[in-house]
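Numbering (our numbering), first residue to last: 1 to 171. For every residue, glycine included, the Cβ atom is placed at its ideal position computed from N, Cα and C. On a predicted model such as this, the values are computed, not experimentally measured, just so you know. First the structure, in the form of structure tokens, and then the observations on it.
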Amino acid sequence: MLQSAFEREKSQIRVLEPHKVRVIRREGGALELRYGEEVHYSIRVKQAFPLTNPENYIVFLTEQGKQIGMVEDLNKLDKESQRNIREELDIVFFIPQIKKIFWIKERFGGSKWKVETDRGIKEFSTPSLHESVKEVEDGHIIITDTEGLQYEIKNIDELPPKSKKILMGVI
């Protein structure tokens with residue numbers, strides 16, 4: 001039977017037992033991972049599927065990027081560890097949420113956008129719309145600008161009518 005690429009990679013990653021995992025925020029803000037008798041300082045956390053499955057398959061990395069292990073379900077960890085991981089992920093995996101679209105101007109094979117996000121008004125450029133606008137689920141869109149930064153529209157139908165009309169006119 002054929003195995004998915006994720007299943008093959010998962011078999012090479014050490015799966016950590018949730019009841020042995022403690023993630024502590026140290027003075028100064030760095031995270032520390034305690035797994036049984038092991039202690040790892042200044043760790044990083046990463047989601048395997050940040051958009052489609054953000055609560056599962058959380059990977060722990062050393063400061064140098066070497067994999068320590070993975071927990072399959074964030075919710076099986078103790079409350080303090082969950083809180084510390086979520087806070088860290090909010091910092092490292094920040095995607096502004098587009099709330100309103102003022103305009104999208106197509107030019108020179110790309111486009112220029114002016115939008116209102118949950119972090120304020122932004123202007124950015126994208127390469128071709130086919131390359132930069134991806135629908136990850138029905139109505140859920142990720143836009144990647146020319147600098148590699150991402151913007152998210154969780155649900156097209158929740159945009160103001162004028163914003164939705166502007167977006168639908170180009171995608």
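Taking one beta carbon from each stretch, the stretch 119 to 133 and the stretch 78 to 85 have fewer than 3 pairs nearer than 8 Å; the two do not touch. The beta-carbon distance between Ile166 and Ile98, rounded to whole angstroms, is 11 Å. This is too long to meet the 8 Å contact definition.
Judged by their CB atoms, Ser132 and Thr144 are nearer to each other than the 7 Å cut-off. The residue from Gln12, Asp73, Lys114 and Thr52 with its alpha-carbon nearest to that of His19 is Asp73.
Put simply, the stretch 63 to 72 touches the stretch 12 to 32. At least three CB pairs are less than 8 Å apart. The residue among Ala48, Lys100 and Gly65 with its C-alpha nearest the C-alpha of Arg119 is Lys100. Just so you know, the alpha carbons of Tyr41 and Thr117 end up roughly 35 Å apart.
In this chain, Glu87 is not harboured by any beta strand (DSSP E); it is covered by the alpha helix (DSSP H) spanning Lys79 to Val92. Assignment of Lys162 by DSSP, reduced to helix, strand and coil, places it in the helix class. For Pro54, the CB contacts under 6 Å within the same chain, skipping 5 residues up- and downstream, are Gln47 in chain order.
Of the other Cβ atoms in all chains shown, fewer than 16 fall within 10 Å of the Cβ of Glu106; this residue is therefore exposed. Under the three-state reduction of DSSP output, Gln12 falls in the helix class.
Closest by C-alpha distance to Gly109, out of Gly29, Val45 and Val170, is Val170.
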